[in-house]
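Notes for the one structure printed next.
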Amino acid sequence: MSNTAVVHEDTPELGQELAEPPSLSAQADHPQDQELQSWRHLKNFLATHFPAASLKDWENWRWQLKNRITSARSMARILGLEFSPYVAAAGGLPAAVTPYYLWVASRSKAVQRCILPDIRETEIGPFERPDPLGEDVHSPVPGIVHRYPDRVLFLVTDFCSTYCRYCTRSRLVGKSGHHSDMRSWQVALDYIRQHRGVRDVLLSGGDPLTLPDMKIEWLLSQLRDIAHVEIVRIGTKVPAVLPQRVTPALTRMLRRYHPLLMSLHFAHPEEITPETSAACARLADAGIPLGSQTVLLAGVNDDVTTMKRLMHGLIRNRVRPYYLYQCDPIPGSAHFRTPVDTGLGIIKGLRGHTSGYCIPTYVIDAPGGGGKVPLQPDYVLGRDEQGVGLRNYEDRIFHYPDFGQEA
Ligand SMILES: *Cc1c(COP(=O)(O)O)cnc(C)c1O
8 MSNTAVVHED TPELGQELAE PPSLSAQADH PQDQELQSWR HLKNFLATHF
58 PAASLKDWEN WRWQLKNRIT SARSMARILG LEFSPYVAAA GGLPAAVTPY
108 YLWVASRSKA VQRCILPDIR ETEIGPFERP DPLGEDVHSP VPGIVHRYPD
158 RVLFLVTDFC STYCRYCTRS RLVGKSGHHS DMRSWQVALD YIRQHRGVRD
208 VLLSGGDPLT LPDMKIEWLL SQLRDIAHVE IVRIGTKVPA VLPQRVTPAL
258 TRMLRRYHPL LMSLHFAHPE EITPETSAAC ARLADAGIPL GSQTVLLAGV
308 NDDVTTMKRL MHGLIRNRVR PYYLYQCDPI PGSAHFRTPV DTGLGIIKGL
358 RGHTSGYCIP TYVIDAPGGG GKVPLQPDYV LGRDEQGVGL RNYEDRIFHY
408 PDFGQEA
């Protein structure tokens, strides 16, 4: 069990460190008031569940990792929920959450749904598969998925600080209990070196940003030494679940390896806390273009209002919405899946109604390894010899003259 706090002899007591900052006024409906409330809530959460921890501990990402909560029973206790013993028997995906993200979840039902093991994970639907995207058959060497001609997915660890119950790699993540080592990375790096058509390497896992700075830097420097690798991307949920990880030292290191991009996983607007905003700001200030990836999830974000709030929150934090994924058919995921029409309806509710920069591309990762297929509401009504019939965001009909062939 890891929900017991580590005692550091020389850190100040909770009360000492958390003397109320006098600058925060307590005016109602004031953003600062919200911040003060949030801060009081955290103070309480720490005192109740991690009494030996200081605020300094809380802000230390290694403390967060050491004190992960790894059983459904403990999660339920801290969230004040009824614990059903059936839950403990659920699924093959391990349970884990950082104390920080559990604190976020303690104020958000939607976030709870993303991390709490659920008895419905044991119900395997007829079309559900452990590897629905056929990643294993597209894997020429361990750790590499080579599906598209010019880019590869490089799975550098199977470890995440927090396991999302709908994880597309539930077959892999959290299984070894430790990070991959440099020896296993060498095989993958050799593959990339030998394939000169690979100009884009996407580091994912697991969560690459749970690795120590030194290992991330080693990977980036190896990749930078390969002349044909033009860009490197990192896929991570760290800014949402472990924002403490985005330290000034990390961003100082990352900015030496440009062009480096990041895809940040977000599920719900309530994940965007001041801590998460600060982490995104540090990454953006390091010149890293930030995109988002969101899985469409029943009961979490499957309505236009929630999705719009999320996309607005992201763009305010300089994260450009990139992909909205239909939930992959991993075993025991039916309770998370929405009809495709729900996703199309959400895109229709965004396009034209808000900034184009706030609209992700809705994709289905085709089962069996077809790659990402984009889906759009039907804006093209049809064509005839006069041109194309168009429907705008208000459902008004327009005609564009087009004769199908160049003159
Ligand atoms: C998603 C994915 C990529 C990257 O796709 P982009 O559309 O370029 O972001 C690359 N390889 C695999 C196997 C993927 O699943």
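Numbered by the working numbering, the letters in the sequence shown go through residues 8 to 414 in order.
A virtual CB, placed ideally from N, CA and C, is assigned to each residue, including glycine.
Secondary structure of residue i, DSSP reduced to three states
i    : result
Q333 : coil
F90  : coil
K379 : strand
I199 : helix
T283 : helix
I223 : helix
G356 : helix
D391 : strand
T345 : coil
T313 : helix
T411 : In the sequence as presented, Thr is not what sits at residue 411; that position holds Gly. In this structure, G411 counts as coil in the three-state DSSP scheme.
L290 : helix
Y264 : helix
G320 : helix
I85  : helix
R176 : coil
T164 : coil
Y364 : helix
P149 : coil
V159 : strand
V307 : coil
Option in the options with minimal Cα separation from residue i
i    : options                : result
A112 : D64, Q193, A60, L249   : L249
G389 : A103, G411, T368       : G411
G212 : H265, P266, H272       : H272
G320 : D310, S299, P338       : S299
P101 : V118, L196, A79        : A79
G377 : V152, V148, P281       : V152
S177 : R190, S146, V194, E142 : E142
Y170 : A103, T77, V205        : A103
Y107 : P133, V395, H48, T129  : H48
M260 : R289, P338, S284       : R289
P137 : G375, E392, D409       : G375
F161 : F52, R206, R75         : R206
R158 : V208, K182, T349       : V208
G87  : K73, T77, F52          : F52
Q229 : D197, I122, A59, M82   : D197
L317 : I295, I353, R344       : I353
Q193 : S362, P276, G150, T258 : G150
P139 : K315, T175, R190, C167 : T175
A59  : W46, W68, N74, S45     : N74
Residues near residue i in its chain [Cβ-Cβ closer than 7 Å; skip 5 each side]
i    : result
V302 : Y173, A274, Y332, C334
G306 : R120
V380 : V370, I371, A373
C287 : P246, L297, N324, R325, V326
H278 : Going by the sequence as given, residue 278 is Glu instead of His. Excluding sequence neighbours, E278 sits near V111, V118, A247.
L31  : Unreliable placement is indicated for L31, whose pLDDT of 38 sits below 50; no coordinate value is reported for it.
Y386 : L397, R398
P215 : V163, T164, I223, I241, T243
P408 : Q393, G394
E130 : G339, A341
S183 : D165
Other residues of its chain near residue i: CB distance less than 6 Å, five sequence neighbours each side excluded
i    : result
H56  : I85
W70  : D64
R203 : H235
P266 : I238
D125 : none
I322 : Y364, C365
E282 : P250
G132 : A341
Residue span of the beta strand (DSSP E) that contains residue i, given as start and end
i    : result
S211 : 207-211
A373 : 368-373
V144 : First-last for V144: undefined, no H or E at that position.
V302 : 297-302
P408 : 404-408
V111 : First-last for V111: 106-112, but that is the alpha helix (DSSP H), not the beta strand (DSSP E).
R69  : No beta strand (DSSP E) holds R69; the alpha helix (DSSP H) holding it covers 68-73.
Cut-off 8 Å between Cβ atoms - residues of its own chain near residue i, not counting five sequence neighbours on either side
i    : result
E401 : G359
Y329 : S270, G298, S299, Q300, P367, T368
V347 : Q333, I371, L382
S146 : V152, H153
E135 : P336, I337, P338, G339, S340, A341
L210 : F161, V163, L226, V239, R240, I241, G242
Residue i, enclosing alpha helix (DSSP H) - first and last residue
i    : result
L123 : L123 -> no alpha helix (DSSP H), and no H or E assigned at all.
D40  : 38-56
I233 : Premise fails: I233 is in no alpha helix (DSSP H) and is neither H nor E.
L257 : 255-261
V248 : 245-248
A62  : Position check: residue 62 holds Leu in this sequence, whereas Ala was assumed. Counting along the chain, the alpha helix (DSSP H) containing L62 begins and ends at 62-65.
Task: Pocket of ligand 1 defined by Cβ to heavy atom distance under 6 Å - done: Ordered along the chain, residues surrounding ligand 1 are V152, R154, Y155, R158, L160, L209, K379 [Cβ under 6 Å from any heavy atom].
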